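Asker: Provided herewith is a single structure, encoded as structure tokens, for subsequent inquiry.
Residue numbers (full-length UniProt numbering), protein chains in the order written: chain A, 1 to 283; chain B, 1 to 283.
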């Protein structure tokens with residue numbers, strides 16, 4: 001990565017990290033200062049684990065997992081290790097999301113509130129189920145050594161798109177959740193009277209949107225990709241790649257064209273072109 | 001586009017169009033059958049223009065504008081004409097969004113409900129303002145003949161990302177709006193009692209998510225891009241591009257690498273490589 005490009009990356013990463021961390025502080029202050037605090041007692045304080053764990057796990061950790069390959073000071077680590085970190089963060093996010101859902105069901109059941117009636121709950125549950133599927137398929141495809149490279153290649157566009165789509169959906173679901181909770185829990189003054197809590201939690205919503213926007217920006221910049229993709233490309237290209245640091249890797253994760261990921265660390269050397277019909281732009 | 005690829009595109013496009021059109025039918029049935037109908041009288045029937053115009057304009061037309069370059073039976077048309085259609089659809093979507101907002105302000109003012117207190121209104125207004133900015137910048141960059149090709153190239157990643165981000169945000173805002181409206185307008189039975197209207201409008205929310213997901217999928221598939229990008233690439237590449245219909249264009253819109261768009265129709269022939277330092281993977 002060229003120095004200017006690296007500085008640009010650092011700025012965006014820093015703002016994203018700040019937005020994410022401030023979101024966590026905001027959600028904690030929301031439940032601890034404005035609401036009933038945290039407990040596991042079937043009451044509102046148990047419900048409060050729901051937004052806290054969703055922001056920490058399903059938003060912050062999932063966002064971190066998405067861009068973990070982009071961080072330059074991990075590039076000397078093996079790709080396999082980074083895959084484990086990627087999968088581990090996503091697994092942790094999934095576990096926290098499930099615990100977070102249990103908190104709501106417990107609270108609802110104790111308070112005799114129906115479950116699963118709102119659009120928030122419908123899209124949210126769909127996202128958790130699809131996220132679990134994505135996790136299982138991701139591990140099966142990219143961490144099982146026996147999975148054929150052709151399968152890895154064929155599945156990669158769906159893995160990348162699915163990951164970004166689920167991350168985006170989870171933020172949209174969080175915005176619906178914030179909307180519901182402020183309407184239900186604020187009375188005298190109500191949400192529409194804009195008490196301090198309403199403003200504070202609206203700002204939390206904006207922070208989540210900013211965090212999501214920056215993670216999606218980082219994830220879709222080709223020139224910020226882990227350079228191994230680029231190396232494989234150079235290896236298999238007849239002509240020299242001029243100023244390849246500037247051009248960046250040729251293969252976008254957000255495309256039909258599979259990238260180096262599809263061959264994995266172990267297979268990189270033996271990865272045949274035949275297994276990757278779409279890999280090269282010019283060969 | 002190869003035949004199999006074309007069939008795949010047609011299937012996805014058809015499902016997207018169906019989801020979009022059924023969404024419009026759903027929002028019309030919501031306000032006409034379950035709610036107070038449509039009028040411009042300061043009452044609830046004026047409010048009802050808000051969801052109707054948002055779904056038709058800001059979601060369906062914006063989504064159509066995003067993928068209009070991808071439709072193969074427009075590829076014999078000039079790129080400039082397609083740009084006018086793209087800009088025209090976005091302008092229409094913007095106008096409908098503004099009218100739709102006026103309907104809500106009118107309704108709020110007549111009913112003495114405060115404006116701009118909810119997260120829905122904050123993110124929604126931000127989206128409309130940024131959409132207007134995107135429109136002005138888009139016209140200035142890509143429809144003004146005097147705009148330098150280097151500016152067009154430099155701005156393209158932001159134009160593409162901004163467009164997809166705003167489209168996604170608008171759907172998220174719509175989901176918040178549905179949540180608000182169902183909570184506020186349903187009483188005895190309430191939203192949590194899942195009356196038919198609640199289920200019906202939740203399904204509308206799901207349809208909007210499906211429509212959004214498919215538009216984003218279509219927009220981010222490289223091999224579904226308008227082939228002119230590919231032709232320019234072939235022109236400037238020393239080696240032959242083998243099976244380029246399979247590989248698809250080398251340059252993703254969702255990347256740092258500017259594509260043919262940056263040169264426009266008029267400039268295509270005279271477009272210098274010097275103006276596009278990042279254009280070629282191998283030259």
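Even for Gly, the Cβ is constructed at its ideal location relative to N, Cα and C. If you're wondering where the values come from, they're calculated on a predicted model, not measured in any experiment.
(1) Could you name the residues of the same chain whose beta carbon sits closer than 6 Å to that of residue 141 of chain A, not counting the 5 residues immediately before and after it, in chain order?
(2) Are the Cβ atoms of residue 205 of chain A and residue 178 of chain A separated by less than 8 Å?
(3) For chain A, find out if any of its Cβ atoms is closer than 8 Å to the Cβ of residue 167 of chain B; answer yes or no.
(4) Which residues bound the alpha helix (DSSP H) around residue 197 of chain B?
(5) Please name the residues in the region 183-205 of chain B whose beta-carbon is closer than 8 Å to at least one beta-carbon of chain A, in chain order.
(6) If you measure from the beta carbon of residue 209 of chain A to each beta carbon in chain B, is any gap under 8 Å?
(7) Over the uninterrupted alpha helix (DSSP H) stretch that includes residue 82 of chain B, give me the two end residues.
(8) Give me the Cβ distance between residue 34 of chain B and residue 200 of chain B, rounded to the nearest whole Å; I'm assuming they're in contact under 8 Å.
(9) Whose C-beta lies closer than 7 Å to the C-beta of residue 207 of chain B among residues of the same chain, with five residues either side of it excluded?
(10) Run through DSSP, which three-state label would residue 36 of chain B get?
(11) Taking Cβ-Cβ distances shorter than 8 Å, what residues in chain A pair up with residue 180 of chain B?
(12) Tell me, please, whether the region 111-125 of chain A touches the region 165-183 of chain A by the rule of three or more beta-carbon pairs shorter than 8 Å.
(13) Let's test the definition: count the other Cβ atoms within 10 Å of the Cβ of residue 81 of chain A and tell me whether it reaches 16, buried, or not, exposed.
(14) Using the C-alpha atoms, what's the distance from residue 39 of chain A back to residue 96 of chain B?
(15) Whole-angstrom Cβ separation of residue 287 of chain B and residue 65 of chain B, contact assumed at under 8 Å?
(16) Does the Cβ of residue 112 of chain B have 16 or more other Cβ atoms within 10 Å, making it buried, or fewer, making it exposed?
(17) How is residue 190 of chain B classed by DSSP in three states: helix, strand or coil?
(18) Any beta carbon of chain B sitting closer than 8 Å to that of residue 176 of chain A?
(19) Grab me the residues of residue 238 of chain A's own chain with a C-beta within less than 6 Å of its C-beta, minus the 5 sequence neighbours each way, in chain order.
(20) Closest Cβ-Cβ distance between residue 216 of chain B and chain A: below 8 Å?
(21) Would you please verify whether the beta carbon of residue 117 of chain A is less than 8 Å from any beta carbon of chain B?
(22) On the CB-based measure, 16 or more other CB atoms within 10 Å of its CB, does residue 70 of chain A come out buried or exposed?
(23) Which residues in the same chain as residue 138 of chain A place their Cβ atom closer than 7 Å to its Cβ, once the five residues preceding and following it in sequence are excluded?
(24) For residue 123 of chain A, decide whether its Cβ has a neighbour in chain B, counting only Cβ atoms nearer than 8 Å.
(25) Under 8 Å, do residue 46 of chain A and residue 105 of chain A count as touching if we go by C-beta distance?
(26) Give the range of the alpha helix (DSSP H) segment to which residue 119 of chain B is assigned.
(27) List the residues of chain B that residue 74 of chain A touches, going by C-beta distances under 9 Å, in chain order.
(28) Measure from the alpha carbon of residue 126 of chain B to the alpha carbon of each residue in B:98, B:103, B:144, then state which is nearest.
(29) Helix, strand or coil, according to DSSP, for residue 25 of chain A in the structure here?
(30) Let me confirm a value: residue 128 of chain A is counted as buried when at least 16 other C-beta atoms fall within 10 Å, else exposed. Which label applies?
(31) In terms of residues, what are the limits of the alpha helix (DSSP H) holding residue 185 of chain A?
(32) Is residue 171 of chain A near residue 16 of chain A, with beta carbons less than 8 Å apart?
(33) What residues in the region 98-114 of chain A have a beta carbon less than 7 Å from any beta carbon of chain B?
(34) If I measure Cβ to Cβ from residue 135 of chain B and keep anything under 8 Å in the same chain, skipping five residues before and after, which residues do I get?
(35) Which residues in chain B sit within 9 Å of residue 64 of chain A, going by Cβ to Cβ distance?
Answerer: Based on what the coordinates show:
(1) Short of 6 Å from the beta carbon of residue 141 of chain A, and not among the five residues preceding or following it, lie these beta carbons of its own chain, in chain order: 147, 152, 155.
(2) Going by C-beta atoms, residue 205 of chain A is nearer than 8 Å to residue 178 of chain A.
(3) With 8 Å as the cut-off, residue 167 of chain B does not count as an interface residue toward chain A.
(4) Membership of residue 197 of chain B in the alpha helix (DSSP H) is indicated by the continuous run 196-219.
(5) Flagged, chain order: 183, 184, 191, 192, 193, 194, 198, 201, 202, 205.
(6) Closer than 8 Å to some Cβ of chain B, the Cβ of residue 209 of chain A qualifies, so yes.
(7) Element bounds for residue 82 of chain B: 79-110.
(8) Going by Cβ atoms, the distance from residue 34 of chain B to residue 200 of chain B rounds to 7 Å, so yes, they are a contact pair.
(9) Excluding residues within five positions, the ones whose Cβ falls inside 7 Å are 19, 22, 23, 26.
(10) In the structure shown, residue 36 of chain B falls within a coil segment according to DSSP collapsed to helix, strand and coil.
(11) Simply 179, 183.
(12) Cβ pair count under 8 Å is three or more, so yes.
(13) If you draw a 10 Å sphere on the C-beta of residue 81 of chain A, you find fewer than 16 other C-beta atoms in it, and that means exposed.
(14) Take the alpha-carbon of residue 96 of chain B and the one of residue 39 of chain A: they are about 47 Å apart.
(15) In the structure as shown, chain B starts at 1 and stops at 283, and residue 287 of chain B therefore has no counterpart that could be examined.
(16) Exposed, by the Cβ-count rule.
(17) Three-state result, residue 190 of chain B: coil.
(18) Closer than 8 Å: yes.
(19) Model confidence at residue 238 of chain A stands at a pLDDT of 38, short of 50, so the residue's coordinates are unreliable and nothing is read from them.
(20) Residue-level contact check: residue 216 of chain B touches chain A, since one or more beta carbons of chain A fall below 8 Å from its beta carbon.
(21) Residue-level contact check: residue 117 of chain A touches chain B, since one or more beta carbons of chain B fall below 8 Å from its beta carbon.
(22) Residue 70 of chain A comes out buried.
(23) In its chain, beyond the 5 residues on either side, 87, 159 have a beta carbon closer than 7 Å to the beta carbon of residue 138 of chain A.
(24) Residue 123 of chain A has a beta carbon lying within less than 8 Å of a beta carbon in chain B.
(25) No. Outside cutoff.
(26) First-last of the alpha helix (DSSP H) with residue 119 of chain B: 119-142.
(27) Those do not exist, as residue 74 of chain A stays about 20 Å from chain B at its closest Cβ, beyond 9 Å.
(28) With distances taken between Cα atoms, residue 126 of chain B lies closest to B:98.
(29) In the structure shown, residue 25 of chain A sits in a helix (DSSP, three-state: H, G or I).
(30) A residue is called buried when at least 16 other Cβ atoms come within 10 angstroms of its Cβ; residue 128 of chain A meets this threshold and is buried.
(31) Per DSSP, the continuous alpha helix (DSSP H) segment holding residue 185 of chain A begins and ends at 149-185.
(32) It is not a contact, given that the beta carbons lie outside the stated cut-off.
(33) Listed by position along the chain: 113, 114.
(34) Correct list, in chain order: 87, 90, 91, 94.
(35) Correct list: empty, because the minimum Cβ distance to chain B is about 20 Å.
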